[in-house]
Amino acid sequence: MSYLKSIKDVQDYYINRDERMLHSATHEDILSGLTTDIYFFTTMDVLGSLGMKSKEVVAEIFARKPGVFVGIEEVRNILKNNGVEMWALEEGTEFQAKETLVRIKGPYENFAIFESVILGCLASPSGWATAAREVKEACGDKTFVVFGTRHVHPSVAPVMERAARIGGASSVSNILTAKLIGENPTGTLPHASFLVAGDTLTVAQKYDEVMPESYKRIVLVDTFKDEVEETLRLAKEMGKNLYGIRLDTPSERGGVTPDLIKEIRARLDMEGYNWVKIFVSGGLKPEKIKILSEAGADAFGVGSYISGAPAIDMTMDIKEVEGVSIAKRGRIPGIVNNPKLVKML
Numbered sequence: 001m002s003y004l005k006s007i008k009d010v011q012d013y014y015i016n017r018d019e020r021m022l023h024s025a026t027h028e029d030i031l032s033g034l035t036t037d038i039y040f041f042t043t044m045d046v047l048g049s050l051g052m053k054s055k056e057v058v059a060e061i062f063a064r065k066p067g068v069f070v071g072i073e074e075v076r077n078i079l080k081n082n083g084v085e086m087w088a089l090e091e092g093t094e095f096q097a098k099e100t101l102v103r104i105k106g107p108y109e110n111f112a113i114f115e116s117v118i119l120g121c122l123a124s125p126s127g128w129a130t131a132a133r134e135v136k137e138a139c140g141d142k143t144f145v146v147f148g149t150r151h152v153h154p155s156v157a158p159v160m161e162r163a164a165r166i167g168g169a170s171s172v173s174n175i176l177t178a179k180l181i182g183e184n185p186t187g188t189l190p191h192a193s194f195l196v197a198g199d200t201l202t203v204a205q206k207y208d209e210v211m212p213e214s215y216k217r218i219v220l221v222d223t224f225k226d227e228v229e230e231t232l233r234l235a236k237e238m239g240k241n242l243y244g245i246r247l248d249t250p251s252e253r254g255g256v257t258p259d260l261i262k263e264i265r266a267r268l269d270m271e272g273y274n275w276v277k278i279f280v281s282g283g284l285k286p287e288k289i290k291i292l293s294e295a296g297a298d299a300f301g302v303g304s305y306i307s308g309a310p311a312i313d314m315t316m317d318i319k320e321v322e323g324v325s326i327a328k329r330g331r332i333p334g335i336v337n338n339p340k341l342v343k344m345l
């Protein structure tokens, strides 16, 4: 695909705003250079006038804090036909602050305009993956599903949930994400289904009837009645078909508490429904997950803690020009070796 190469190209580029349905960038927009910072085109014009834009350089990327590295697959796809070499950490690798994460070597003009794009492809996904790793550590050997799609723009929701899956999520709820990674999306039922029907058991029984056998029958129990009462009602009527119940009690009613989980677990066991699992969701953070897990929760749905995680600030520095070590003030000239880097291009 051809891409913009100069300020004139930018000025001449036309977009029919009346035909543009969404404000998000398309794949073509990104690959053409439309989503980069304008000063990289200024740089190309200036270096081109000096006859220097084709100089061979080595650029390295590092982060200012530790995390889980995600996003390099997209970076590789962006650069794979641009005549450059690239070494990088593999997806899902943990890294430390100031560690070299990516090294790119080639004519500067071949990748300069993609600097902002490359950093963005790494910064946000690494932030999401790092948050997911924190959640996974809190869950221990228990599972969690990422429920963050509703908190981010739909154009990046699959990127976010994929990053969370790499970071440690057991499964994803976003359909496109699941298709892209070759898995099945995971989910239960929203409160809306019960509110429209007017009764939890009515919906649960129909859910059991119409869904494929592979679907785990996990049913919300906090819509109309006391959670304990509704749980026992479902267990009695559905028997072994009830895989689990989901607690998503709103903050207006105190949220999901350890004592509520303990009571439900105890009452289920006393009535002989020991197979029923307890799934918890609703604004969960690692600290609360640990507490609820100790109280008896079996699995979790986590959204905003992951989707709202800050991007990990990434920086790209030129470290060599035509084989000569160089750096701006405050940085050490020359490449910074990292044995974890793998040749990708």
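If you're matching positions, the sequence shown starts at 1 in full-length UniProt numbering and goes up one per residue. All residues carry an ideal CB built from backbone N, CA and C; glycine is no exception.
Quiz item: What's the gap between the Cα of phenylalanine 147 and the Cα of proline 190?
Solution: 12 Å
Self-check item: proline 107 versus Glu90, Ala88, Gly83, residue with shortest Cα-Cα distance
Solution: Gly83
Quiz item: Using the beta-carbon count (16 or more within 10 Å), is methionine 314 buried or exposed?
Solution: buried
Quiz item: By Cβ distance, which residues of its chain are closer than 7 Å to valine 276, with the 5 residues on each side in sequence left out?
Solution: Ala235, Leu242, Gly244, Ile245, Leu268
Quiz item: To the nearest angstrom, how far is it from the Cα of glutamate 134 to the Cα of phenylalanine 111?
Solution: 34 Å
Practice problem: Express the C-alpha separation of isoleucine 289 and residue 350 in angstroms, rounding to a whole number. | Solution: Any answer about residue 350 is impossible in this case: the structure gives the chain only from 1 up to 345.
Quiz item: Hey, how far is the Cα of asparagine 174 from the Cα of glutamate 161?
Solution: 7 Å
Quiz item: Is the region 138-154 close to the region 320-338, with three or more CB pairs under 8 Å?
Solution: no
Exercise. Tell whether a beta-carbon distance below 7 Å holds between residue 381 and alanine 299.
Key: No answer is possible for residue 381: the residues shown for the chain start at 1 and end at 345.
Quiz item: Does the beta-carbon distance from phenylalanine 62 to lysine 98 come in below 7 Å?
Solution: yes
Quiz item: Is the region 65-75 touching the region 122-141, taking contact as three or more C-beta pairs under 8 Å?
Solution: yes
Exercise. Starting from the C-beta of serine 6, find all residues in its chain whose C-beta is less than 8 Å away, skip the five residues before and the five after it, and write them out in chain order.
Key: Phe41, Met44, Asp45, Gly48
Self-check item: Delimiting residues of the beta strand (DSSP E) encompassing phenylalanine 279
Solution: 277-281
Self-check item: Residue from Ala192, Leu31, Leu122, Arg253 with nearest C-alpha to asparagine 81
Solution: Leu31
Quiz item: Which residues mark the beginning and the end of the beta strand (DSSP E) in which glycine 323 is found?
Solution: Glycine 323 -> no beta strand (DSSP E), and no H or E assigned at all.
Quiz prompt | Start and end residues, beta strand (DSSP E) containing isoleucine 245 | solution = 244-247
Exercise. May I ask which residues mark the beginning and end of the beta strand (DSSP E) holding isoleucine 113?
Key: From DSSP, isoleucine 113 is part of no beta strand (DSSP E); its letter is neither H nor E.
Quiz item: Under 7 Å between the Cβ atoms of arginine 76 and methionine 270?
Solution: no
Exercise. Could you check what DSSP says for lysine 285 in three-state terms: helix, strand or coil?
Key: coil
Practice problem: Could you pull the start and end residues of the beta strand (DSSP E) that glutamate 60 belongs to? | Solution: 56-63
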